[in-house]
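Under the UniProt record's numbering, the first residue of the sequence shown carries the number 1, and numbering increases by one thereafter.
First up is the structure itself, then whatever we jot down about it.
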Amino acid sequence: LLWHGSRLANIASILTKGLRIAPPEAPSTGYMFGKGVYFADVASKSANYCWATTKQTKGVLMLTEVALGKPHKVLEAEEFNYESVKAKGCESIFGVGRMTPSTETHLVKSGVRMPKGTLESTDAEGTLLYNEYVVYRTEQIKIRYVVTVHFDFPFMLSKCCNLSNSRKCSFCTFADEVHTFRDAFINLSCSLDGIAYMIMPHEAELLVEQINLIELDTLASKEWMKYHGDVEKLNLQAHQSAKQKADNFVVEALLTFKKLDILVRNLLSIELWKEKVFPCMNDLTDTASLRTYFVLYHEAVLCNLLEVAFYHEHVLESMDDDVFLEVIDYAMRKITWLLSTPRDVFKNKTAFHKSGQDVVKLLDSATRREELDRQRLEIEFRIAIQCVTIMRYICERVKILPLNLLTRLLDKHDVLLSFVALIENPPWTFKSTTNDGETQWKKFFEQKWSVVEPCDLLQLTTTEAQLWIGVYFLLCSKESRDQYQLTSFRKNELLRIRKYLNDVLLDQLPLLTDVQRFLDELAIVQIPHTQILSQTRLVMEAMPVLRSALLRKYKNDFAGLGNQFLTACNQLNRQDDMQCLAEVYNMHGIEELLDGEPAPQEIEKPSSPSEQPKLDDPILLHRPNQVQITLSAPISQKIVEIGVDQEVHFECKVLLESEKVVDTPQGPYFRFTLEKSMSSTKVPLHACIDASISFTNDTKTRLICSNISLEEPLNDRNLVAWRQAGTLDEGNGILQVQFKWSADDECYYVGSLFLSVPGTPSNQW
């Protein structure tokens, strides 16, 4: 039994005529193995092809009996048809994914054994994340079950199964009765962090398919601005998936449709435009300056997306050598710029270390050109930091690099000594003196400067750790040590970082013990002043053909491109660009992703009192005055958590002075802060919320959350999670509960609480 998903518009035809090979009404995407009928053993994979939206939340999945016969196993996308499959002596195609449902089974009441649904790794080295099955004859298909599915978008999980902790996937479990599948879907849709998709998987596929090579003479067009917005959406979604340790379907789509190479080429084009064309432009209008900033910023977006993609080893394995070479050269150009730029430039010519008043003065006095130069410098700095991370990922995978790329990395660029120089003189650490005469330290991490207490200076930031990890792989991997030619100069430079390998650093990165041992041995080894390459060694050097081709294509035309850009910008509407930007940054979940801190999922940001129209103020006839909350372990839970209360009761007082009006698609809601009466009480990871709300007219309403499903963090960081009881569709109200993780007690406690109850518009009262 396998899953198949299709649009609602296709269902009537499918139920009447059965599944057909490439029907006209089917979308053009998804035919990775030619025109056949596609199936999956994970329902969330098929659910993507229901093409549900926030307006059309219904979908239909079919559980289908498929006679696969002898399948032909493949790891990559390849064109097939019935004849080509038959020629291989097979009856179907089996696309082997890197994740597959566990072979463990459990017994259903009817006696049928079905997979539990927990996903496990297959160790496959292809580009597919999940298994795909394709047949090319309709005689091999028989529909057994048709399941109506409700897509609960406000709480849609960014991934089918939480692979990091092997959480059971409700999708992959076929319940005793078909109607329970909808409940399983909704339980799956409730994100552990309460965050929705920024873009849906099928939307990501459409956006990825539309990515094409950009020409330097089209940067002032409306089409380019749409492309920029699409790439930014993909970048934000990729980061959200990475932050949640979820299935990064954006990266998988880039691999599937072979768009990573195009992104690298576009990155080189934007870099060339910034290097050669931007300096030629002086007379900038408001519209031209805004579009120019978007072009400069687009390089950071592309680099940021590649940074996420390069975390995955199979991404590096899939890249062509010519494109991979360009990425190495690009990253090293940025690192070299970071090393060669005086630190005073970052202090004096950016707004990084200026006070609010100084920034205002800077903005008031700067011309458009000066402001763009400042923004370019700040963007370049951020890109260089991203390139340090990209280079670390490459160093970690030296074992898969071909000889020509390894030689360029170690001999041509000498990335190891570049890392040593950055460790000795880090540009992301800044020392200044305050007005009170006190010394203040700042560090740049998570794309912003933050004040660091002197006692925490030895605490590694993410960027600092990347360098040390890169040094570890370059010094301790056999492939790198065999290729790297040690000379007296290189030896002396490497030994300069020996003094930093103290106990504090080794406690944070224990793997550096091997680096310390290597440097201790290196210190007593005698190496000639110059090391001559072996005469028997074949010396070959790969050249960057893509960048060279761009330079030849636009040679002596950079000033003309600048004038053409300014002329085209005069025809643009500044508001159109701003609208495009607003669409990107109005996506659900953007605030948490950019701020880095979980926030309560408010139904909608309330207007300030001055913005609320006086004549149409909504009315709350009966206000809540008390909330009684019970947290209890689910009845079906067989494992009892030790050290926590299995049932917690507490009362909350409604703070009426905290009242705020919130507009929602279901009408106005009144939001109140709750004050709990209980002391700190340990909360179980899996519990039901049962809340009883009392109103001033002696009526009561009840709000339920079936399972809060809290997650124990992997480290000692303070984790905050939000859960809610009640939905807008039910119309009884919404209770939002904050749970705070205590690393000392290793448990959750109840934090802030908010209650939202429906009001009545004044024109309906």
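A virtual CB, placed ideally from N, CA and C, is assigned to each residue, including glycine.
For Val720 and Ala691, the gap between their C-alpha atoms comes out near 21 Å. Our two residues, Ser488 and Leu416, have alpha carbons roughly 15 Å apart in a direct line. By the C-beta density criterion, Pro342 is exposed, having fewer than 16 other C-beta atoms within 10 angstroms.
Closest option to Cys455, judged by alpha-carbon separation, among Trp449, Leu467 and Lys442: Lys442. A distance below 6 Å between beta-carbons, with the five flanking residues on each side excluded, links Cys395 to the following residues of its chain, in chain order: Gly470, Phe473 and Leu474. Looking at the backbone, the Cα of Leu621 and that of Thr630 are separated by about 27 Å. Distance between Tyr49 and His202, taken at the CA atoms: about 7 Å. Beyond the five residues adjoining it in sequence on each side, Glu453 comes within less than 8 Å, by CB distance, of Trp441 in the same chain, given in chain order. Judged by beta-carbon spacing, Val627 lies within the 9 Å limit of Leu753, meaning their Cβ atoms are closer than that value. Contact between Ile335 and Ser418 holds: CB atoms are separated by about 5 Å, below the 8 Å threshold.
Look at Lys553 here: in three-state DSSP terms it is helix.
Taking 9 Å as the cut-off, the Cβ atoms of Met319 and Val327 count as close. Counting along the chain, Asp503 sits inside no beta strand (DSSP E); it lies in the alpha helix (DSSP H) bounded by residues Asp503 to Gln508. Taking a 10 Å sphere around the C-beta of Val208, we find 16 or more other C-beta atoms and assign the residue as buried. Note that the C-beta distance between Ile262 and Leu213 is below 9 Å. For Leu305, the closest alpha carbon among the candidates Leu75, Lys243, Val37 and Asn235 is that of Asn235. Counting C-beta pairs closer than 8 Å gives three or more between the stretch 272-282 and the stretch 550-561, which meets the contact rule. Non-local C-beta neighbours of Ala523 in its own chain, meaning closer than 8 Å and more than five positions away in sequence, comprise Leu495 and Arg498, ordered along the chain. In this structure, Gln483 keeps its C-beta atom at 9 Å or more from the C-beta atom of Leu501. For Lys448, the enclosing beta strand (DSSP E) begins and ends at Lys448 to Val452. Under the DSSP assignment, Glu424 falls in the alpha helix (DSSP H) whose first and last residues are Val415 to Glu424. Taking Val388 as reference, the option from Leu406, Arg333 and Glu438 with the minimal CA-CA separation is Arg333.
Taking a C-beta distance under 9 Å as the contact criterion, Leu703 and Gly667 do not qualify as a contact pair. No Cβ-Cβ contact shorter than 9 Å links Val66 with Phe33. When the alpha-carbon of Pro426 is set against those of Glu139, Val398, Leu284 and Ile385, the nearest one is in Ile385. For the 9 Å CB-CB criterion, Ser13 and Met62 do not form a contact. Val301 sits in a helix when the DSSP states are folded into three classes. Under the DSSP assignment, Cys387 falls in the alpha helix (DSSP H) whose first and last residues are Arg368 to Glu396. Its Cα nearest to that of Ala253, the residue Thr127 stands out among Thr127, Ile693 and Glu657.
A distance below 8 Å between beta-carbons, with the five flanking residues on each side excluded, links Thr433 to the following residues of its chain, in chain order: Thr439 and Gln440.
Out of Ala366, Ser46 and Ser480, the CA that lies nearest to the CA of Asp414 is found in Ser480. Minimum Cα-Cα distance from Gln738 among the listed residues Ser694, Ile689 and Gly731 corresponds to Ile689.
With distances taken between CA atoms, Leu458 lies nearest to Leu505 out of Ile423, Pro684, Leu505 and Leu674. Shown here, Trp468 sits in a helix according to DSSP, grouped into three states. Leu710 and Tyr749 have their C-alpha atoms some 11 Å from each other.
DSSP places Asp436 outside both helix and strand once states are collapsed to three, so it counts as coil.
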